[in-house]
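Shown next, in structure tokens, is the structure this report addresses.
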Ligand SMILES: Cc1cc2nc3c(=O)[nH]c(=O)nc-3n(C[C@H](O)[C@H](O)[C@H](O)COP(=O)(O)OP(=O)(O)OC[C@H]3O[C@@H](n4cnc5c(N)ncnc54)[C@H](O)[C@@H]3O)c2cc1C
């Protein structure tokens, strides 16, 4: 136990900010000169939107990286499992800490929980301080002239671009790690990684979680992609985007770091387009803050009455990438194997689920939540509502992505489909996105048996489109 109050440590409660650089809570603790107890709490209770399988995989590796980075600076990451209020109470008692510092989260349950924790800590005479380590601008800072939350992206973005986010903070070079003895769980005992079956082979190949890898990806993006981003970002067969989303989701890199780095690059349409995407992320989180029902309920009320179908067989075909539409199947398989899917293809598969199949957007949102390494409550929910047409700033109801045209336009040479749907790789480019138009001889030459080696389409595009337009048009008359 500490011998005097000047030596009482501060707990830095790590959450979705698993980095040392530009971490305001850690920085404030380091500047105080007090010993630091870095703490991560695994809250494993069953609750809505608990991390899905892919997120748990990422979390394991991200914590391992943070542990190593903190150790290099002289501090030990304490791992504890349980309800955060209870664990904080225990660690405060065991360490004699003066208080707890953390970076804010914006998920409704996190806000409610943190409010109680903060009030209880303050009542107990402890320091309890939260910081903004996640967003460029707080949701209460960026409002319309009338003081309302923005519901449409374009004016939100225009206003965001006029503001100046704070300068990122440098990582502390050394930390005054708490020297007292505190017990810690080990990562292994948390069983965040899958065992039987071990489905994470593709994730291991595709990703290196951690702050160092995130910084390297940003460098690579600047070097190889930033300039051409406006074109390359739509081409799923190429590495045409930053692939920073899981790193952002776990806070291994901050929006501030990206924004300020991007300002130092040669400016052009590519860099501007990239910064706009960072502002989309901001917009989604602001929406979640102002409309906490976003993950569960359509923001356009009339959608509550939408006649979604029930069709477990089609849901399975969609999840497994066996719909018979190559670009959809490629996307769903990329997701399953790597925990990530290209944004253009996310839009196509989401549109296919809600419009072609008339299945509830919540089904897709749940599947993405479990399988994406970048699963983010705000981004996921806002984008699903955008595609379904039920969000505040949503795709028009009559926009039904045509999976054949999308494939032909954005995967012209078929590199993406051939990679993820190898059983039809032998088809010529002209048929790759519509194998049902191939003649028997062409199928045979490509080694395909329709309906056996590759499914025939589970819905006919034209029929499905008309059905969707009718259902969505009727809704407008409700
Ligand atoms: C149905 C659907 C569900 C989605 N679910 C998620 C999710 O759970 N988590 C998630 O991070 N993104 C989600 N997205 C948004 C987007 O697809 C991913 O952020 C993007 O593909 C990540 O790749 P990247 O890092 O290479 O993006 P880049 O193009 O390099 O963009 C840089 C960053 O900007 C942000 N960004 C880009 N596009 C969007 C967008 N449309 N909305 C919000 N932020 C964006 C991301 O943080 C991204 O890392 C979803 C999109 C759709 C259509």
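Numbering (the numbering used here), first residue to last: 2 to 479.
Even glycine gets a Cβ: it sits at the ideal position worked out from N, Cα and C.
Because the structure is a prediction, the values reported are computed rather than measured.
Quick check on DSSP: helix, strand or coil for residue 417? Annotated three-state conformation of residue 417 is helix, per DSSP.
What first and last residue would you give for the beta strand (DSSP E) that runs through residue 41? Segment 37 to 43, the beta strand (DSSP E) holding residue 41.
Would you be able to state if there are at least three C-beta pairs under 8 Å between the region 271 to 283 and the region 362 to 376? They do not touch, by the three-pair rule.
Between which two residues does the alpha helix (DSSP H) carrying residue 96 extend? Here the alpha helix (DSSP H) through residue 96 covers 85 to 96.
If we require 3 or more residues per run, which beta strand (DSSP E) segments fall completely within the region 148 to 179? Counting whole runs of 3 or more residues, the region 148 to 179 contains no beta strand (DSSP E) stretch at all.
Terminal residues of the continuous alpha helix (DSSP H) containing residue 370? Per DSSP, the continuous alpha helix (DSSP H) segment holding residue 370 begins and ends at 362 to 372.
Evaluate residue 267 with the Cβ neighbour count: other Cβ atoms within 10 Å of its Cβ, from every protein chain shown; 16 or more gives buried, anything less gives exposed. Counting Cβ neighbours within 10 Å, residue 267 comes out exposed, since fewer than 16 surround it.
Residue 193, DSSP secondary structure in three states: Residue 193: coil per DSSP, three-state reduction.
Below 8 Å on the Cβ atoms is my contact criterion, and I expect residue 57 with residue 252 to pass it. Report the Cβ-Cβ distance as a whole number of Å. In fact, because the Cβ distance is near 16 Å, the residues do not count as touching under 8 Å.
Can you give me the C-alpha to C-alpha distance between residue 462 and residue 400, rounded to a whole angstrom? It is roughly 13 Å from the alpha-carbon of residue 462 to the alpha-carbon of residue 400.
Could you have a look at residue 388 and say whether DSSP puts it in helix, strand or coil? Residue state, collapsed to three classes: helix.
Under 7 Å: does the beta carbon of residue 291 sit that close to some heavy atom of ligand 3? Ligand 3 is absent from the structure shown, which contains only ligand 1.
Should residue 388 be listed as close to ligand 1, given that the test is whether its C-beta is under 7 Å from any heavy atom? Proximity of the beta carbon of residue 388 to ligand 1 is indicated: a heavy atom of the ligand is located closer than 7 Å.
Would you report the Cα separation of residue 309 and residue 219, rounded to the nearest angstrom? Those two C-alpha atoms are separated by around 41 Å.
Between 436, 116 and 108, which lies nearest to residue 381 when the distance is taken from Cα to Cα? For the residues 436, 116 and 108, the minimum Cα distance to residue 381 belongs to 108.
Using the Cα positions of residue 302 and residue 143, report the straight-line distance between them to the nearest angstrom. Between the alpha carbons of residue 302 and residue 143 lies a distance of about 25 Å.
Secondary structure of residue 77, DSSP reduced to three states: Coil at residue 77, not helix or strand.
What I want to know is whether the C-beta of residue 57 ends up closer than 7 Å to one or more non-hydrogen atoms of ligand 1. No, ligand 1 has no heavy atom inside 7 Å of this Cβ.
Can you tell me which of 289, 408 and 214 puts its alpha carbon nearest to the alpha carbon of residue 67? Measuring from the Cα of residue 67, the nearest candidate turns out to be 214.
Any idea if residue 429 is buried or exposed, counting beta-carbon neighbours within 10 angstroms, 16 or more meaning buried? Around the beta carbon of residue 429, fewer than 16 other beta carbons lie within 10 angstroms, which makes this residue exposed.
Can you list, in chain order, the residues of its chain with a C-beta nearer than 8 Å to that of residue 53? Leave out the 5 residues immediately preceding and following it. Answer for residue 53: 370, 371, 372, 373 and 376, listed in chain order.
For residue 127, I'd like the list of residues in its chain whose CB is within less than 8 Å of its CB, leaving aside the five on either flank, ordered along the chain. Taken in chain order, the residues that qualify are 93, 98, 99, 100 and 101.
Is the beta carbon of residue 510 within less than 7 Å of some heavy atom of ligand 1? Nothing about residue 510 can be read from this structure; the chain reaches only from 2 to 479.
Look at residue 118 and residue 89 and say whether their C-beta atoms are less than 8 Å apart. Taking C-beta atoms as the reference points, residue 118 and residue 89 count as a pair closer than 8 Å.
Determine the direct distance from the alpha carbon of residue 334 to that of residue 366, and round the result to whole angstroms. Roughly 16 Å between the two C-alpha positions.
Local Cβ density within 10 Å of residue 490, reported as buried at 16 or more and exposed below that: Any property of residue 490 remains undetermined from this structure, which presents the chain solely from 2 to 479.
So, are the CB atoms of residue 181 and residue 96 less than 8 Å apart? In contact: residue 181 and residue 96 (Cβ atoms closer than 8 Å).
Sorted by chain position, which residues of the same chain lie with C-beta nearer than 8 Å to residue 458's C-beta, five sequence neighbours on each side aside? 324, 325, 326 and 437, listed in sequence order.
How is the alpha helix (DSSP H) around residue 411 delimited, first residue to last? Segment 404 to 411, the alpha helix (DSSP H) holding residue 411.
Quick check: what's the CA-CA separation for residue 47 versus residue 85? Across the structure, residue 47 and residue 85 are spaced so that their CA atoms are roughly 14 Å apart.
How long is the line joining the alpha carbons of residue 474 and residue 353, rounded to whole angstroms? Straight-line Cα distance between these residues: approximately 17 Å.
Could you check what DSSP says for residue 243 in three-state terms: helix, strand or coil? Judged by DSSP in its simplified three-state form, residue 243 adopts coil rather than helix or strand.
Nearest residue (CA-CA) to residue 483, options 201, 410, 41 and 148: Only positions 2 to 479 of the chain appear in this structure, which leaves residue 483 out of reach.
Can you tell which of 355, 29 and 295 has its C-alpha closest to the C-alpha of residue 398? Of 355, 29 and 295, the smallest CA-CA separation from residue 398 is found for 355.
In angstroms with no decimal places, state the Cα-to-Cα distance between residue 74 and residue 60. Looking at the backbone, the Cα of residue 74 and that of residue 60 are separated by about 21 Å.
Check whether the Cβ atoms of residue 10 and residue 179 sit closer than 8 Å, and answer yes or no. It is a contact, given that the beta carbons lie within the stated cut-off.
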